[in-house]
């Protein structure tokens, strides 16, 4: 389906939508008929067809509010917000600086709140309400070494989703897509070389890491008519989790 430019078609805002998972989400939404605005701190060299860009640092409440206003100015409505901006470098909890901890929490927990709050104010006035999807992480459920601040922030995001869903229903639904290990262009820096990536993939029951498209599919599912009764929930997209270490020596074979 070609991207839509019809003023009656739904409008979406994707934070951190210029690269990686966010870019794929934006591209898939545009292909599904959404008018899409993405934000980032730096304008990308190119964007998918049907996707527009505006600069914003969503860690700042005033910029988050201005971002939502920009979407309304561009589209006249706002049906879907995807809080995708996030991430963190690995840092040992014993030595991580207070500044880094603060920055990680601001990006992964406070920024989604700021954007959601501004979006809700608009969506509550719309006849059809709206949907907010937060992109979470399995780090909230299974923290890894070096991710204490990130894992805590993402755990907070899961709870924030449930809290906002309680307060903002029935007009506005709020859900989380909780992503497992996802292969993006940045994975090599985090996991290592191709051999290391293959070793990570081997720990997933589905036999591969997730792709950005897998996460985008989950967002599209939550935005579809099939999910209109879902709010305050987390859709876990992790390929079945990760195999326990003992299966390295005792994993059953299939006929």
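Numbering (UniProt numbering), first residue to last: 1 to 255.
Every residue gets a Cβ at the ideal spot worked out from N, C-alpha and C, and that includes glycine.
Computed from a prediction, not measured in an experiment: that's the story for all the values here.
Please find out if some non-hydrogen atom of the ligand MG comes closer than 8 Å to the beta-carbon of residue i.
i: residue 74; result: Among the ligands in the structure shown, none appear at all, so the ligand MG cannot be discussed.
For residue i, which three-state DSSP category applies?
i: residue 234; result: strand
i: residue 161; result: helix
i: residue 183; result: coil
i: residue 255; result: With a pLDDT of 49 at residue 255, under the threshold of 50, the modelled position of this residue cannot be trusted; read the value that follows with caution. Residue state, collapsed to three classes: coil.
i: residue 6; result: coil
i: residue 142; result: coil
i: residue 136; result: strand
i: residue 18; result: coil
i: residue 242; result: coil
i: residue 210; result: strand
i: residue 169; result: coil
i: residue 122; result: helix
i: residue 156; result: helix
i: residue 204; result: coil
i: residue 221; result: helix
i: residue 11; result: strand
With burial defined as no fewer than 16 other Cβ atoms inside 10 Å of the residue's Cβ, what is the status of residue i: buried or exposed?
i: residue 99; result: exposed
i: residue 6; result: exposed
i: residue 34; result: buried
i: residue 240; result: exposed
i: residue 289; result: The question about residue 289 has no answer, for the chain in this structure spans 1 to 255.
i: residue 88; result: buried
i: residue 245; result: exposed
i: residue 15; result: buried
i: residue 194; result: exposed
i: residue 186; result: exposed
i: residue 73; result: exposed
i: residue 112; result: buried
i: residue 166; result: exposed
i: residue 139; result: buried
i: residue 231; result: buried
i: residue 170; result: exposed
i: residue 255; result: In this prediction, residue 255 has a pLDDT of 49, which is less than 50 and means its spatial position is unreliable; what the coordinates show is noted afterwards. Answer is exposed; the Cβ neighbour count stays below 16.
i: residue 199; result: exposed
Relative to the alpha-carbon of residue i, which residue among the options has its alpha-carbon at the smallest distance?
i: residue 12; options: 66, 29, 151, 85; result: 29
i: residue 64; options: 110, 138, 153; result: 110
i: residue 173; options: 160, 140, 209; result: 160
i: residue 141; options: 25, 228, 242; result: 242
i: residue 143; options: 181, 66, 234, 131; result: 181
i: residue 19; options: 139, 47, 114; result: 47
i: residue 52; options: 132, 176, 36, 139; result: 36
i: residue 260; options: 17, 209, 59, 218; result: A question about residue 260 goes unanswered here, because the residues of the chain that appear run from 1 up to 255.
i: residue 209; options: 231, 179, 225; result: 179
i: residue 131; options: 219, 191, 235; result: 219
i: residue 57; options: 50, 66, 49; result: 66
i: residue 134; options: 164, 147, 146; result: 164
i: residue 225; options: 23, 102, 84, 128; result: 128
i: residue 101; options: 68, 55, 177, 153; result: 153
Are the region 36 to 47 and the region 190 to 206 touching by the rule of at least three beta carbon pairs closer than 8 Å? no
So within the region 31 to 67, which uninterrupted alpha helix (DSSP H) runs reach at least 4 residues, ignoring any that extend past its ends? none
Complete runs of the beta strand (DSSP E) confined to the region 77 to 109 [at least 3 residues]: 80 to 83
Per the contact definition of three or more C-beta pairs closer than 8 Å, is the region 75 to 82 in contact with the region 121 to 141? yes
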